[in-house]
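In the numbering used here, each number is its position in the sequence shown, counted from 1, plus 258. Only one structure is covered here, and it is reproduced in the block below.
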Amino acid sequence: MRMKKNLFLLCAFLVPALISAQISSKDAWKQASKLEKSIEKTSFPKRTYNITDFGAKPDMPEAPCHDAINLAIVTCNQAGGGTVIVPKGTFYTGPITLKSNVNFHLEEGAVLKFDTNPELYMPAVLTRWEGVDCYNMRPLIYAYGETNLAITGKGVIDGQGSMETWWPMCGAKKYGWKEGMIGQNCGGRAKLLAWGESGEPIYKRLMTVQDGMRPQLVNLYRCDRVLVEGVTMQNSPFWTLHPLFCTNLIVRGVHFINRGPNGDGCDPESCDGVIIENCVFDTGDDCIAIKSGRNRDGRTWGVPSQNIIVRNCKMYDGHGGVVIGSEISGGYKNLYVENCEMDSPNLDRVIRIKTSNCRGGVIENVFVRNIKVGVCREAVLRINLQYENREICDRNFPPTVRNVLCENITCEGSNLGVYYVGLEGSDNVYNIQVDNCEFNNVKKGSTSPEDGIFIKGGVKDVRFNNLKINGQIVKSPAL
């Protein structure tokens, strides 16, 4: 996998200048511009392959056509690359495997509907599930170790997750689970997390359908030069788009619609050099969640997510708009979020960092500007180092969050403005700055309904520069 050298120089440039100092965004956004130019792009030969020429037929749910689709992809790959076309129509399919130098293109009016029989997605493949390495059900669209590949077009990729299919496997009654059903709550999830904690060899971590670990809609593992553009991804069994150990990734103009449990939109994990732009998110969980592995697995690999740009996106429902964590044990460096719109009473937070002393790792250099928020439920900015305190894990790995700058954010309704929770007895959250922001109709705070601020635990070097909450300037706290 190839990355230009200046990506790896960003944090070396930024960190010494930022630690425990007034943060200026000027140099940071210059680095974001350099980062954008350094990301390598996809390109494909002009050859085309229509899946109908390989036997795929529309409107046949009783006969999924994934064999024909996969044959078209392999044929295109072996010929040196090109575009595999899914034409207008509804095509029922099972698992699809992407290959190098192939642009998998869904024309306008094309719909891929994935079969909901879990057995169809076996045997298991190497992936991560909630940040833990394992062999699990094959993601509906999967690629491993490929270079120069794309998913494009104006068509729809539909996982057909619903209260009747896939979603009850989360084990929650509100999503349709009943006694006697397969569910991750019946021991599968606990077994996998225990394997991760104990360091069980990955080749022994073989999940079965009976374990109830729902697959991702799209999982791209160790791929370089990737484009995902224009399509609608909806009704995933689990996370929607999960790039894992990927480099040079662009996600552009994608609609993520997934109201299911753990229904994240886009979750880059241990990825380097990513642009997410002009996308729309309406999700049952986090809209964008940046990750780098859970607990022992994440620390063992030690591969951070880094150098990610998010811009010109719209977020509606979700637990968070742009989120770092919680599976973030490999750390995170250099996030640039700008010119986004968020608005929903069912959007819990705008910017969220969630981690714990199970995870460890350093999260640093987070820059956010020009965000327009209608309403959100909880807080505009939430940093929490006490996430999931009941998790069974080794708690000897305190994380650090530092060098966060949010500027020019407006919000017209929330419960709190900022919400910072550190670890007791340590100052692991520091150098956090909010500039030129205005939060109106904020309901409460730490001491009065007017201040809109909640800070607890080991937090220091917090600065508010021209922060207005409910029309009043808020002073920096004395911590």
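C-beta: ideal position from N, C-alpha, C; glycine also. Every value quoted in this text rests on a predicted model; they were computed, and no experiment measured them.
DSSP three-state assignment for residue 483, whether helix, strand or coil: strand
Rounded distance between the beta-carbons of residue 596 and residue 633, thought under 8 Å: That pair is no contact at about 21 Å.
Test item: CB-CB of residue 643 and residue 659 under 8 Å: yes
Identified DSSP bridge partners for residue 507: 484 and 532
Buried or exposed by the 16-neighbour rule on C-beta atoms within 10 Å, applied to residue 274: Its pLDDT being 44, under 50, residue 274 is placed unreliably in this model, and the coordinates cannot settle the point.
Validate contact between the region 477 to 486 and the region 394 to 408 using beta carbons, cut 8 Å, 3 pairs: yes
Cβ-based burial, residue 614 [other Cβ within 10 Å; buried from 16]: buried
Residue 401: first and last residue of the uninterrupted beta strand (DSSP E) it sits in: 399 to 402
Backbone CA spacing between residue 331 and residue 388 [nearest angstrom]: 29 Å
Within 8 Å, strictly: CB atoms of residue 631 and residue 675: no
The region 288 to 307 contacting the region 536 to 553, beta-carbon criterion three pairs below 8 Å: no
Nearest-angstrom Cβ-Cβ length linking residue 363 and residue 410, presumed shorter than 8 Å: 5 Å
Residue burial classification, residue 459 (beta-carbon count within 10 angstroms, cutoff 16): exposed
Where the beta strand (DSSP E) through residue 664 begins and ends: 658 to 669
Touch test, the region 281 to 297 against the region 316 to 325, Cβ-Cβ under 8 Å, three pairs minimum: no
Option nearest residue 530 by Cα separation, candidates 699, 506 and 545: 506
Rounded separation between residue 732 and residue 664 - CA only: 15 Å
Coarse secondary structure for residue 590, derived from DSSP in three states: strand
Anticipated Cβ contact below 8 Å, residue 582 with residue 593, distance rounded: 7 Å
Contact between the region 309 to 316 and the region 336 to 354 (3+ Cβ pairs under 8 Å): yes
Residue from 511, 735 and 446 whose Cα sits closest to the Cα of residue 390: 446
Candidates 333, 469, 450 and 368, of which the one nearest residue 357 by Cα: 333
Residue 562 and residue 528 closer than 8 Å at C-beta: yes
Where the alpha helix (DSSP H) through residue 555 begins and ends: 553 to 559
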